[in-house]
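Novice:
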Ligand SMILES: NC(=O)c1ccc[n+]([C@@H]2O[C@H](COP(=O)([O-])OP(=O)(O)OC[C@H]3O[C@@H](n4cnc5c(N)ncnc54)[C@H](O)[C@@H]3O)[C@@H](O)[C@H]2O)c1
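Residue numbers (our numbering): 8 to 327.
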């Protein structure tokens, strides 16, 4: 049984967008981190991106410029997975979202790691139980679902399986608190965990409203951003129900739920757009709306600016 204080070295498997971003957060919090990727180019790009992101954060009041190089010095890179995990106490897998690939990675990790090393997958929606099915010691395999960008979004969903002993959850929750994240405990291994189930219930309704011609895509987004979306950072649905009254919530659900989208299939319009190659930013800007390169850049900048402000505000509240 491990405690938080026993965790000294972290290994991150996969050096893509999430892999190098999560590695950076562990290193910034003082941990030694080994970052593994098959390709040297991925590792080189990851290191470059980490230095750029740490500098960007420091320039915007999150961290200090003089801490950038000491943080980078805590990260080592390797193309040898066994070397990365040899003395690791906690391993975070961040390879592509492919079940067979992840199963093979966890089979190897299980063979290569110390017996009590915790093995976590950053899968967005897939089952940690299924991902760990080829390993022998499966009780130490859990989900830790970070959100993108990993250096700004505080949430990490810690996903328990039927085999997980309480100490694995406790240490993992403690570890993520210690690195400044906001871990939440998902008590069952269900597809989409908590936050992606919530998010995609909302997206299903949004895309259905567009498909049924009730409102155009921009109006759907405005209806959230200028309305209920504004309250969400301080008032979740369960808190909101308590505030307005469970009786009113029941009356509303009695009337409206039968009219909401409950399809188990993706939206027809979504399928048609994908078939036509209308994929959004990545296909010349045509998706639900049409985006010029300038509009795409402006939206990305607005999001980063907003997230930085929101994270700073959260930190100020926590520090009080
Ligand atoms: N991008 C997001 O918004 C996001 C958010 C949360 C969780 N995730 C999850 O994190 C994981 C990684 O996603 P990402 O966005 O960093 O993807 P990415 O494509 O940026 O990186 C994936 C990495 O996996 C590596 N890889 C692919 N095939 C491999 C193989 N056969 N062996 C070893 N490595 C291999 C690639 O080289 C790459 O470095 C996925 O499970 C994803 O669902 C992604």
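In this text, a Cβ means the ideal position worked out from N, Cα and C, and glycines have one as well.
Could you check if residue 55 is buried or exposed, using at least 16 other CB atoms within 10 Å of its CB as the buried criterion?
Specialist: exposed
Novice: Between residue 84 and residue 42, how many whole angstroms is the CB-CB distance? I'm expecting something under 8 Å.
Specialist: Contact between residue 84 and residue 42 holds: CB atoms are separated by about 5 Å, below the 8 Å threshold.
Novice: Does the distance between the C-beta of residue 103 and the nearest non-hydrogen atom of ligand 1 fall short of 7 Å?
Specialist: Within the cutoff, so yes.
Novice: At what residues does the alpha helix (DSSP H) containing residue 95 begin and finish?
Specialist: Run containing residue 95: none; DSSP gives neither H nor E here.
Novice: What alpha helix (DSSP H) runs, 4 residues minimum, are completely inside the region 46-116?
Specialist: 47-66, 75-80, 88-92
Novice: Quick one: is the Cβ of residue 205 within less than 7 Å of any heavy atom of ligand 1?
Specialist: no
Novice: Count the other C-beta atoms from every protein chain shown that fall within 10 angstroms of the C-beta of residue 173, then say buried if there are 16 or more, exposed otherwise.
Specialist: exposed
Novice: Just verifying my parser: in three-state terms, what is the DSSP assignment at residue 174?
Specialist: helix
Novice: Please confirm whether any heavy atom of ligand 1 lies closer than 7 Å to the CB of residue 151.
Specialist: no
Novice: Let me confirm a value: residue 100 is counted as buried when at least 16 other C-beta atoms fall within 10 Å, else exposed. Which label applies?
Specialist: buried
Novice: How would you write the range of the alpha helix (DSSP H) that residue 140 sits in, first residue to last?
Specialist: No alpha helix (DSSP H) contains residue 140, which DSSP labels as neither H nor E.
Novice: Can you have a look at residue 133 and say buried or exposed, based on whether 16 or more other CB atoms are within 10 angstroms of its CB?
Specialist: buried
Novice: CA-CA distance, residue 152 and residue 222?
Specialist: Each residue's Cα considered, the two are about 33 Å apart.
Novice: Counting C-beta neighbours from all protein chains within 10 Å, is the total for residue 73 16 or more, i.e. buried, or is it exposed?
Specialist: Here residue 73 is exposed, its C-beta having fewer than 16 other C-beta atoms within 10 Å.
Novice: Select from 49, 61, 238 the residue whose C-alpha is nearest the C-alpha of residue 102.
Specialist: Checking every option, the nearest Cα to that of residue 102 belongs to 49.
Novice: How would you write the range of the beta strand (DSSP E) that residue 18 sits in, first residue to last?
Specialist: 16-20
Novice: Classify residue 124 as helix, strand or coil using the three-state DSSP reduction.
Specialist: coil
Novice: Return yes when at least one heavy atom of ligand 1 lies under 7 Å from the C-beta of residue 6, else no.
Specialist: For residue 6 there is no data in the structure shown, the boundaries of the chain being 8 and 327.
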